[in-house]
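Undergrad:
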Amino acid sequence: MVTVDVATGLPRRPVTEKDVAKRRLIHVLSRSLADEGIPDDLIATLEEVLSDRPGAAAPARKMGGLLARLGLPVPRQRPPEVAPLGPEDAARISDRFRRATRLLVQVAPHRVAFYPTEELRLLIALRNEQPAPGEALSYLRRYALAIVALLDLMGDDEE
């Protein structure tokens, strides 16, 4: 049976127990992070830095997909070139990570079972580091991984 949305007149799919559980989990996680002052834009910035940044010359993968579907071996490909990170983007992301570090240094010790000495030391060292312009992307990726490691240790105390 298909239900119809009264406002739009369009058919909607029924809501399952899994959908309800997913919505509840998303709500609880976002509320828990917001309670600690860890905003969603930090997560978006982490994803931006850690995602692949393919350049304009990224190779097409259509032939590889076709060969794989036919059960043939896919030829080896060189990794895609990484688009350079502009100085404005690097400064914006560095500033965002530095603000997050200030917050995490205050919050993390109260959210973990043991004091995360090494993780906090690494975050503070990365906060104080000034990378060369050509090394901005690798620096930001190291910084992002250090933040993710600390967030992973913190977990989520809401159940």
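Heads up, my numbering is the position in the sequence shown plus 6, with the first residue counted as 1. Just so you know, even glycine gets a beta-carbon here, dropped at the ideal spot from N, CA and C. Note that this is a predicted model, so its numbers are computed, not measured.
#1: So what does DSSP say about residue 145, is it helix, strand or coil?
#2: When the Cα atoms are used, what is the spatial distance from residue 44 to residue 106?
#3: From residue 100 to residue 117, what distance separates their C-alpha atoms?
#4: In the DSSP assignment, find the unbroken alpha helix (DSSP H) run with residue 125 in it and report its ends.
#5: Quick one: residues in its chain with C-beta nearer than 6 Å to the C-beta of residue 129, no 5 flanking neighbours on either side, listed in chain order?
#6: With a cut-off of 8 Å on the beta carbons, I'd call residue 91 and residue 142 a contact; round off their distance for me.
#7: Grab the span of the alpha helix (DSSP H) containing residue 107 for me, first residue to last.
#8: Given a cut-off of 8 Å on the beta-carbon distance, is the pair residue 97 and residue 146 in contact?
#9: Tell me where the alpha helix (DSSP H) around residue 51 begins and ends.
#10: Is the beta carbon of residue 131 sitting closer than 8 Å to the one on residue 122?
#11: Could one say the Cβ of residue 23 lies closer than 8 Å to chain B's Cβ atoms, at least one of them?
#12: By a C-beta neighbour count over all protein chains shown, 10 Å radius and 16 as the cutoff for buried, is residue 22 buried or exposed?
#13: Buried or exposed for residue 103, going by 16 or more other Cβ atoms inside 10 Å?
#14: Report the three-state DSSP secondary structure of residue 138 (helix, strand or coil).
#15: By how many angstroms is the C-alpha of residue 55 removed from the C-alpha of residue 47?
TA: The structure says:
#1: Working through the sequence shown from its first residue, we reach residue 145 at position 139. Residue 145: helix per DSSP, three-state reduction.
#2: Stepping through the sequence shown from its first residue, residue 44 is reached at position 38. Stepping through the sequence shown from its first residue, residue 106 is reached at position 100. Whole-angstrom Cα-Cα distance: 8 Å.
#3: Position 94 of the sequence shown holds residue 100. Position 111 of the sequence shown holds residue 117. So the two alpha carbons sit approximately 24 Å from each other.
#4: As a first step, residue 125 must be located in the sequence shown, where it is residue number 119. Looking at the DSSP string, the run of the alpha helix (DSSP H) that includes residue 125 is 123-134.
#5: The residue labelled residue 129 in the question sits at position 123 within the sequence shown. Here the set comprises 107, 152.
#6: For the purposes of this step, residue 91 is identified with residue 85 of the sequence shown, where counting begins at 1. For the purposes of this step, residue 142 is identified with residue 136 of the sequence shown, where counting begins at 1. Correct: roughly 5 Å between the Cβ atoms.
#7: As a first step, residue 107 must be located in the sequence shown, where it is residue number 101. First-last of the alpha helix (DSSP H) with residue 107: 93-117.
#8: Taking the sequence shown and counting its residues from 1, one reaches residue 97 at position 91. Taking the sequence shown and counting its residues from 1, one reaches residue 146 at position 140. Against a cut-off of 8 Å, the Cβ pair of residue 146 and residue 97 comes out as no contact.
#9: Reading the sequence shown from its first residue, position 45 is the one you call residue 51. From DSSP, the alpha helix (DSSP H) with residue 51 extends over 46-56.
#10: Position 125 of the sequence shown, counting from 1, holds the residue named residue 131. Position 116 of the sequence shown, counting from 1, holds the residue named residue 122. In this structure, residue 122 does not lie closer than 8 Å to residue 131 by Cβ.
#11: Looking at the structure shown, chain B is missing, and only one protein chain is on hand.
#12: Your numbering for residue 22 matches position 16 in the sequence shown. By the 10 Å Cβ count, residue 22 comes out exposed.
#13: By one-based count along the sequence shown, residue 103 stands at place 97. The residue is buried, with at least 16 neighbouring Cβ atoms inside 10 Å.
#14: Taking the sequence shown and counting its residues from 1, the one referred to as residue 138 is at position 132. Residue 138 falls in the coil class under three-state DSSP.
#15: What you label residue 47 is simply residue 41 of the sequence shown in a count that begins at 1. What you label residue 55 is simply residue 49 of the sequence shown in a count that begins at 1. If you take the alpha carbons of residue 47 and residue 55, they lie about 12 Å apart.
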